[in-house]
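*Asks:* For the numbering used here, add 6 to where a residue sits in the sequence shown, where the first one is 1.
A virtual CB, placed ideally from N, CA and C, is assigned to each residue, including glycine.
Remember, it's a predicted structure, so these values are computed and weren't measured experimentally.
A single structure is presented below for examination.
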Amino acid sequence: MAKKTTAFAQEYAFYEQLWTFYIINRGKIRSRYNDLTRKFLAYNDKSENPDAFLREPQFHALEMYVFIKEFLDNAHMYEIFDDLRKRQNRFSDTSYYTIHKDGQIRWIDLGDDQNEAIFKQMKKFKEEYPNYIYALTMGLGKTILIATCIFYEFLLAKKYPKDKRYCQNALVFAPDKTVLDPLSF
7 MAKKTTAFAQ EYAFYEQLWT FYIINRGKIR SRYNDLTRKF LAYNDKSENP DAFLREPQFH
67 ALEMYVFIKE FLDNAHMYEI FDDLRKRQNR FSDTSYYTIH KDGQIRWIDL GDDQNEAIFK
127 QMKKFKEEYP NYIYALTMGL GKTILIATCI FYEFLLAKKY PKDKRYCQNA LVFAPDKTVL
187 DPLSF
């Protein structure tokens, strides 16, 4: 008997739904961050600090990293996806952060089959510690972004040593010195 396959909607992008949720709730979400994180983001945000070094795509990636780390408590992607697809916890229609009030936008619903297939795939490849991949176009500054995220991790780990969300160590593998130099801080 042939194995049943699920046709996938190509227009779906989980990160776009997370980004939309974040953008709509940016003020509410940032107000929940600790003071050090708010200062760190403000320092790297060109709209608040004209001398900020990060470019817009890098800063958006940093915002998303901090959003997942602090607001979503460093959850695994499959856990975040599961909450979003089931509209529970922070993604609930009754949540303070809902984006469904008063006719606002709605999540793209792919149907139970596709959602379940995506969820199983995400869960299958989970790591013990949540691992977030940097997917930026070549030449956009992933190395600087990674260095910024590592600095953020150590900054917060130093301030909050008992908080398990922040790493205490980092091991960086680099193909050559052009990548290592920007990471040396």
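Which full runs of the beta strand (DSSP E) of 3+ residues lie inside the region 50 to 110, going along the chain?
*Replies:* Fully enclosed beta strand (DSSP E) runs of 3 or longer: not present.
*Asks:* What residue from Gln-64, Phe-20 and Tyr-49 has the CA that sits closest to Gly-147's CA?
*Replies:* Residue numbering aside, residue 147 sits at position 141 when the sequence shown is read from its first letter. Per the Cα distances, Gln-64.
*Asks:* To the nearest angstrom, report how far apart Ile-124 and Arg-96 are at their CA atoms.
*Replies:* By 1-based counting over the sequence shown, the position of residue 124 is 118. By 1-based counting over the sequence shown, the position of residue 96 is 90. The alpha-carbon atoms of Ile-124 and Arg-96 are separated by roughly 20 Å.
*Asks:* Would you mind sorting Val-193 into buried or exposed? The rule is 16 or more other CB atoms within 10 Å of its CB.
*Replies:* This structure does not reach residue 193, given that the chain is present from 7 up to 191, and the question cannot be answered.
*Asks:* Which residue's Cα is closest to the Cα of Ala-153: Glu-22, Thr-26 and Ala-67?
*Replies:* One-based indexing of the sequence shown puts residue 153 at position 147. When only C-alpha atoms are compared, the closest one is Ala-67.
*Asks:* Decide if Tyr-49 is buried, meaning its Cβ has at least 16 other Cβ atoms within 10 Å, or exposed.
*Replies:* One-based indexing of the sequence shown puts residue 49 at position 43. With fewer than 16 other Cβ atoms within 10 Å, it is exposed.
*Asks:* State the start and end residues of the unbroken alpha helix (DSSP H) segment that holds Glu-159.
*Replies:* Within the sequence shown, residue 159 is the residue found at index 153, counting from 1. Run containing Glu-159: 148 to 165, per the alpha helix (DSSP H) assignment.
*Asks:* Taking 8 Å as the limit between beta carbons, can you name the residues of its chain near Glu-62, skipping five residues before and five after?
*Replies:* Position 56 of the sequence shown, counted from the start, is the residue given in the question as residue 62. Taken in chain order, the residues that qualify are Lys-52.
*Asks:* Kindly indicate which residue of Ser-37, Arg-36, Ile-86 and Asn-175 has the alpha-carbon position closest to the one of Asn-20.
*Replies:* By 1-based counting over the sequence shown, the position of residue 20 is 14. The displayed chain sequence assigns Phe, not Asn, to residue 20. Minimum Cα distance to Phe-20 is reached at Ile-86.
*Asks:* Find the nearest neighbour of Ile-30 within the set Thr-104, Gln-127, Gln-174 and Arg-171, judged by alpha-carbon distance.
*Replies:* Residue mapping note: residue 30 aligns to position 24 of the sequence shown, counting from 1. Comparing Cα positions, the closest option is Thr-104.
*Asks:* Can you give the beta carbon distance from Arg-171 to Asn-40, rounded, assuming they're within the 8 Å contact cut?
*Replies:* Along the sequence shown, read from residue 1 onward, the residue named residue 171 stands at position 165. Along the sequence shown, read from residue 1 onward, the residue named residue 40 stands at position 34. Actually they are not in contact, since the Cβ atoms of Arg-171 and Asn-40 sit about 11 Å apart, beyond 8 Å.
*Asks:* Could you give the residue range of the alpha helix (DSSP H) that holds Gln-23?
*Replies:* In the sequence shown, residue 23 corresponds to position 17, counting from 1. Start and end: 20 to 38.
*Asks:* Applying the criterion that 16 or more other CB atoms from any shown protein chain within 10 Å of the CB defines a buried residue, is Asp-88 buried or exposed?
*Replies:* Stepping through the sequence shown from its first residue, residue 88 is reached at position 82. When all chains shown are included, Asp-88 counts as buried.
*Asks:* Rank Glu-133, Val-72 and Ser-101 by C-alpha distance to the C-alpha of Thr-43 and give the top, closest one.
*Replies:* Working through the sequence shown from its first residue, we reach residue 43 at position 37. Answer by Cα proximity: Val-72.
*Asks:* If you drop the 5 nearest sequence neighbours on each side, which residues of the same chain put their C-beta closer than 6 Å to that of Glu-159?
*Replies:* The count along the sequence shown starts at 1 and reaches residue 159 at position 153. Around Glu-159: Tyr-172 and Cys-173.
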